[in-house]
Each structure stands twice: as C-alpha cells, then as structure tokens.
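Data block below; observations after.
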Amino acid sequence: MTLLVQDRDKAPGVLLLTLNRPERHNALGRPLLMELDQTLQQIASDEGVRCVVITGAGDRAFSAGADINEQTGFTPEHAYAHMRWGQDIFSRLERLAKPTIAAINGFALGGGLELALACDLRTASEAAQLGLPEVTLASLPGWGGTQRLPRLIGASQAKMIAMSGQRVQAERCLQLGLVNAVYPHAEHLTKTLDLAAQIASHTLDSLQAIKQVIDDGLVGSLAGGMEAEARAVARLWGTPAQKQAQKEFFSRRTGKAATSAS
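Per the working numbering, numbering of the sequence shown is gapless, rising by one per residue and ending at 554.
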C-alpha cells in the first residue's frame, strides 16, 4: 500500500498529499515520514507545484501522531535521536519554498498536530479535534510542538493545551488562531483545495518571497525585516510577471472607469 498518495489533478499548481494509513489513524511511522520528506525534497524545485496540501486518509483522522509501536524499547539516547530526526523533517517542511496547507480532516494529535504546525496554513473540518496528549504518557511533545505552538497562539494557551493533554474542538482552535478556517466536514477538502488554488494562481516568485520575508522576520529584528521586505519588492519589480500583472491591473481599472462613464 502506498503510504503517501500524491494527486496533482485537483487544481492547477496544487499538489495534494494524503497520509495513507487509515487503519492506524494515519500514524506517522518512519516509512511514512521518510516518504513525505523525500517527496517534499523532490518537489522543492518543481515549478509546476505552487501550493502543497497535506491531509489524512479516511474521515476520522488527519494523524494520530507518532507510531508508538516504533518507540517500544527506546533508551534515552534512542528517544533523543528519534526526536531530532522528526524535528529535522518538520523543519524542512517548514522551510519548503512553497506555501503549505494542512487540511485537518479529523483529529490531529501529538506528532499529527506538530506536522500541521510546520505548515504555513491550517484548515479544519468542523469535526476536527487537535491536541498534544504526550503529557498523559509522562512525556512532552518532541517534534517541535513546544516551540511552534506558543509562537502561533502564545505561551499561556500553548501551555494549557500541552499541560492538560485535552483535545481542542475546531471552533476553539479558530478562536485561538491555531487554524485559519473551519469548514463543514463534507466540504472541508473541497474548500481547502479552493483556497490552495487561489494561492497557486499567483506567481511562485511572489509566494516564495512573502513566505521567506515573513518567516525570517519572526526571528530577526524589525529593522532587518523591513530591509528584507524592501529588497524582495525590488527583486521582483520589473520582472515579466510583475509587468504583466501591473498591466492587467490598469487595464481592468480603465475598463471599470469606461463602464461607469457610460
């Protein structure tokens, strides 16, 4: 069985990746994560892909998280190496020079939520539940959850989720800013792909610049971010795509003015 299903036919410029272990609630075993990592590295230079959507197979789960069966018998050294390995994969996902969307179609727990946090955007089905239950196993999130979640929703709310181990309903996640949108369950993937198609309709150079300037600005100074922003605008200014977009903008505005005058 293919652990990661690829579909390029949903919308122009959009690649849909489906975590395909429904019998295990799409648990993130090593083979699946290795395939995801390899796929992302392969598409990094594929200009035909301008937005990536990641979802889970079946109706119940985006991903239940790490495959606990693989961790049986770990020594502290094994645990450390496994955490760093997963962190590296999710960091490469985070740095992918293309917009990424996690389409959370069911529960996203532990490593499943950490995978979603490494994406640029997150949408949720109204039936989705998100959580970090590692505390119930006398442990803590180890694939970036303790770092990305507070950067997204603030330290206090992140501690509440990680320390309680409780699942958070989709609407509450929207209130917290943990997800960008909540859609009816039956329409969730379709609406997420519509969003991806809208993003992919723009030039890849512009999308890459926006992602890089925002992400770099989060770890640098405001002054440095402003400089990077201005340089990025200058780098794109005068390119064929920018000239064409500007020409079309003025053409539409002229057309509207002529219609109003008549």
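Just so it is clear, CB atoms sit at the ideal spot from N, CA and C, and this is done for glycine as well.
Quantities reported herein were computed from a predicted structural model and do not represent experimental measurements.
At the C-beta level, leucine 528 and serine 498 come within 8 Å of one another. Taken in chain order, the complete beta strand (DSSP E) segments of 3 residues or longer contained in the segment 387-431 are 392-396, 399-401, 413-417, 421-423. Annotated as proximal: valine 306 and leucine 485, with beta-carbon spacing under 8 Å.
Spanning the alpha carbons of leucine 320 and alanine 358 requires a straight line of approximately 5 Å.
Residue nearest to arginine 300 within the set Arg322, Arg316, Arg342 is Arg342 (criterion: CA-CA distance). For serine 513, no pairing in a beta bridge is given by DSSP. According to DSSP, tyrosine 372 shares a beta bridge with no other residue. A Cβ-Cβ contact shorter than 8 Å links valine 345 with leucine 309. Taking the CA atoms as reference points, valine 511 sits about 9 Å from glycine 517. In the DSSP assignment, threonine 347 falls within the unbroken beta strand (DSSP E) covering 343-348.
Counted as a single uninterrupted DSSP element, the stretch harbouring aspartate 329 is not any beta strand (DSSP E) but the alpha helix (DSSP H) occupying residues 322-335. For the options Ala416, Ser417, Pro433, Gln334, the alpha carbon positioned closest to that of leucine 424 is the one of Pro433. Linking valine 474 to leucine 444 through their CA atoms gives a straight-line distance of about 17 Å.
Inclusion of glycine 348 and serine 355 in the CB contact set at 8 Å is warranted, their separation being smaller than that value. Taking the Cβ atoms as the reference, glycine 436 lies roughly 5 Å from glutamate 406, within the contact range of under 8 Å.
Beta-bridge analysis with DSSP links aspartate 299 to Leu308.
In the three-state DSSP reduction, serine 493 falls in the coil class, being neither helix nor strand.
Cα atoms of alanine 373 and glutamate 386: separation of roughly 20 Å, rounded to the nearest angstrom. Between the beta-carbon of alanine 408 and that of alanine 389 there is about 19 Å, and that puts the pair past the 8 Å contact cut. Judged by DSSP in its simplified three-state form, glutamine 449 adopts helix.
Less than 8 Å separates the beta-carbon of cysteine 465 from that of leucine 422. DSSP places alanine 319 outside any beta strand (DSSP E), giving it a letter other than H or E. By the Cβ neighbour-count rule, valine 525 is exposed, with fewer than 16 other Cβ atoms within 10 Å of its own.
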